[in-house]
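Accompanying notes for the structure given below.
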Amino acid sequence: MKKNVLFFSGANYSHKGFYNNNYDIFLVTDDSQEAKLQDTIYKQIIFLPDFDDFERARSTILTINQDFPLSLVTTFSEKKQPLVSKICDSLNLNGPSKTSVELLNNKYLMRKKLENKNLLETKFSLVNCRDDIYRFIEYTDFPVVLKPIDGIGGEGITLIENEQNLNEVEEDIKNYIVEEFIQGKEFSIEAVGFKGEHQIFTITEKIKDSKMNEIGHIIPYNQKFFCLERAQEYINTLFSILAIDQGITHTEIIVNEDGIYLVESHLRMGGNHIGEMIEMTLGINMSDIYAKSMIRGSLYRGKIEWNGTYAEVLSIFPNESGVIEEILAPEKIENCNKIFYLKSVGDFVLNKGNSNRILSFIKESHSYNHLKDSVKSDIEKFRIKIDTKYV
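If you count by UniProt numbering, then the sequence shown holds residues 1 to 391, one letter each, in order.
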């Protein structure tokens, strides 16, 4: 007998692992274009234009569950996780827990929880005005990082390196945290969990620019920085504190000689094609592992076999805010097999924030150093013309 799973929104790539394991998949979406999908992996696509209407969303899920008992209700969208966890809680359905979602989606609450359990050493503070940041800097000194409590995808993050940067911050800011800037290498840990057990499948090395944009990832990471066993121990402790019992997780950390420092953790697959690059290098689909775990009732510990290839994704950001006038891509980039256009001519973009990526492209190589050494030259091959007169 087939099992049933329901997803709120999301790319079908993230759902295919369940389809390949003989699940019937229901998709609830508020995206009119997504609702028109004729993708064969879905048993039914339901268009729900107003996700803020809790009772309507709950009623929709209740009706589906009565006809097709649902083994899992979930989403890989952080914006929709509070709604989904609330529905699962009210209908007693298997899905993301309210506790973990509340902690993960509130940077201040999460840090307080970890601080109380002695897993967070980064100094931080809740701030609601510029003077609060001044007082924090008197305690820690520059540089510091300013983040919205509920921000996602790198939105609203500001690096404050000096007095001038600080004076550029709005006088009255609400619901932000400020924390000390941690020097070190940044990574993301990609794992799958079930019934309190978690397995790391890979770690990516992040590439960031001066504006703190994630301009790239390399999979797998260079293990000279820290060992996988150390990361696994950290993840086990972190997820126990945050009540993360199951699901695909993407956890961002900074590592230096003093230890591991948490940046963020998410109940979803890593973005910007990380899932695809895991398949390219390890032959593993994260949602396939999650689906197999649900079928067997315990964590399916997939065999990790690296094929000797490194995969790298690089992103192009606008240098200025404005309207895109022209996107010029080179005829050829060595070892590049895919280019993904995320913005079009005529779109308005800001010169910061991960949601303002204009395009991304994936490269493969047997040489880690070759990929790292060519980042700057590869990015410079693209030409983006921005009209700034409407800013």
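For glycine and all other residues, C-beta sits at the position ideal for the given N, C-alpha and C.
- In this model, Glu163 and Glu180 are separated by some 15 Å (Cα to Cα).
- Annotation: Asn369 to Asp209 spans about 18 Å, alpha carbon to alpha carbon.
- In this structure, Ile386 lies near Ile324, with their beta-carbon atoms less than 8 Å apart.
- Taken in chain order, the complete alpha helix (DSSP H) segments of 4 residues or longer contained in the segment 227 to 313 are 228 to 241, 274 to 282, 286 to 296.
- For Asp378, the enclosing alpha helix (DSSP H) starts and ends at 375 to 379.
- Within the segment 48 to 84, complete beta strand (DSSP E) segments of at least 3 residues are found at 70 to 74, given in chain order.
- By alpha-carbon distance to Leu267, the top candidate from Asn307, Val192, Ile46, Asn319 is Val192.
- In this structure, the CA atom of Asn351 is about 5 Å from the CA atom of Glu320.
- In the structure shown, the three-state DSSP call for Asn12 is helix.
- Following the DSSP letters along the chain, one finds Tyr176 in no alpha helix (DSSP H) but inside the beta strand (DSSP E) bounded by residues 176 to 180.
- In the structure shown, the three-state DSSP call for Asp30 is coil.
- Contact between Gly154 and Asn92 does not hold, since the beta-carbon distance rounds to 35 Å and is not under 8 Å.
- Around the C-beta of Thr388, fewer than 16 other C-beta atoms lie within 10 Å, and the residue is accordingly described as exposed.
- Closest in C-alpha terms to Leu6, from the list Ser85, Arg230, Glu55, Asp52, comes Ser85.
- Per DSSP, Phe187 lies in no alpha helix (DSSP H) segment; the continuous beta strand (DSSP E) that holds it begins and ends at 185 to 194.
- Within its own chain, the residues whose Cβ lies closer than 7 Å to the Cβ of Gln232, once the five positions on either side in sequence are excluded, are Ile200, listed in chain order.
- Here Ser315 has Ile215, Arg357, Ser360 as same chain residues with Cβ atoms under 6 Å from its own Cβ, once five neighbours each way along the sequence are excluded.
- Scanning its chain for C-beta atoms nearer than 7 Å, with the 5 sequence neighbours on each side dropped, one finds around Asn222 the residues Glu205, Tyr368, in chain order.
- Per DSSP, the unbroken beta strand (DSSP E) holding Asn337 starts and ends at 336 to 341.
- With 16 or more other Cβ atoms inside 10 Å of its own Cβ, Cys88 counts as buried.
- Going by beta carbons, Asn105 and Glu78 fall inside the 8 Å limit.
- Under the DSSP assignment, Lys206 falls in the beta strand (DSSP E) whose first and last residues are 197 to 208.
- Within the same chain, and ignoring the five residues on either side of Val178 in sequence, the residues whose Cβ sits closer than 6 Å to its Cβ are Ser125, Val127, Ile133, Phe136, Val144, Leu146.
- Just measuring C-alpha positions, the residue of Arg383, Phe348, Tyr341, Ala311 sitting nearest Lys372 is Ala311.
- Under DSSP, Gln44 shares a beta bridge with Phe26.
- Going by DSSP, Val101 is part of the alpha helix (DSSP H) stretching over 98 to 104.
- CA-to-CA, the gap between Ile219 and Glu55 works out to about 42 Å.
- For Gln81, the closest of Thr99, Asn65, Pro69 by C-alpha to C-alpha distance is Thr99.
- Glu276 is a Cβ neighbour of Tyr13, given a cutoff of 8 Å.
- Beyond the five residues adjoining it in sequence on each side, Glu186 comes within less than 6 Å, by CB distance, of Lys206, Ile254 in the same chain, given in chain order.
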